[in-house]
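Everything in the sequence shown is counted per our numbering, starting at 1413 for the first residue and increasing by one.
All residues carry an ideal CB built from backbone N, CA and C; glycine is no exception.
A quick write-up on the structure given underneath.
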Amino acid sequence: MSPARRLHRYTYSDYVALELESPTKHEFLDGEIYAMAGGSKEHSALAAEVLRILGNAVEDRPCRVHTSDLRIYVEAVGLATFPDGAVICGPFQQHPPSPEATALNPMVLLEATNDSSEEYDAVEKLEYYKTIPTLRDYVIVSHRERCITVHSRNGEGDWTTRVAISGGSVTVESLGAALVIDQVYRSSSIAP
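Structure below.
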């Protein structure tokens, strides 16, 4: 019997050092570092359209909409990741040992799926994101069909899930922002 192969475990400091030097974004979870898949032009356009709508919704509020350049650190599980978008309301809470653009307090997170992330975004990331105390809404935009899912936490801490398809709309409750499906997908090649 051969000896068990030992996996290298990285520290968060190792991860930060890699990120500062790498042109590619990475995710950190449980001592492992994973290269993040690049998005397609479809993926980028869908995320941008949702971020535009969210930006309009927070125009007169003390909130900022961020693109995928903002790292989110999920303290409860030790996850550092770059969602496709985030909304932070109130003061920006930075993760101290991280580079400047790492937040702890998103109110809304957005993921536009792709072939390699679809299941991860809908299952594991959902569970990780639910541990963020400030998170109220998690929006998942499908790259396969005209479909948006919004997971929302109410004031009692309970989560609900709403799904809308072509011809419908779904609201990002914490912002009162309606995502009209055919508007989000208006320039998409995804058929209604």
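Restricting to Cα atoms, I'd like to know which of the options is closest to residue i.
i	options	result
residue 1522	1477, 1436, 1432	1477
residue 1432	1514, 1537, 1542, 1571	1514
residue 1556	1563, 1444, 1524	1524
residue 1488	1430, 1603, 1516, 1447	1516
residue 1451	1443, 1444, 1482, 1526	1526
So, residue i versus residue j, is the Cβ gap smaller than 8 Å?
i	j	result
residue 1544	residue 1582	no
residue 1484	residue 1518	yes
residue 1497	residue 1459	yes
residue 1461	residue 1596	yes
residue 1441	residue 1502	no
residue 1565	residue 1548	yes
residue 1449	residue 1510	no
residue 1429	residue 1436	no
residue 1563	residue 1591	no
residue 1512	residue 1506	yes
Check residue i in the structure and name its three-state DSSP category.
i	result
residue 1585	coil
residue 1595	helix
residue 1462	helix
residue 1454	helix
residue 1523	strand
residue 1570	coil
residue 1427	helix
residue 1472	coil
residue 1422	coil
residue 1533	helix
residue 1538	helix
residue 1441	strand
Count the other CB atoms, across all protein chains shown, that sit within 10 Å of the CB of residue i; report buried if there are 16 or more and exposed otherwise.
i	result
residue 1598	exposed
residue 1453	exposed
residue 1495	buried
residue 1473	exposed
residue 1416	Low confidence applies here, because residue 1416 scores a pLDDT of 47, under 50, leaving its location unreliable and the question unanswered by this model.
residue 1420	exposed
residue 1427	buried
residue 1418	At residue 1418, the pLDDT of 43 sits below 50, so the modelled position is not reliable; the number obtained from the coordinates is stated separately. Residue 1418 comes out exposed.
residue 1423	exposed
residue 1480	buried
residue 1586	buried
residue 1554	buried
residue 1444	exposed
Am I right that residue i and residue j are in contact with their C-beta atoms under 8 Å? What's the rounded C-beta distance?
i	j	result
residue 1541	residue 1550	5 Å
residue 1534	residue 1552	6 Å
residue 1536	residue 1492	15 Å between Cβ atoms; not a contact.
residue 1469	residue 1576	About 16 Å separates the two Cβ atoms, so there is no contact after all.
residue 1593	residue 1579	7 Å
residue 1558	residue 1604	6 Å
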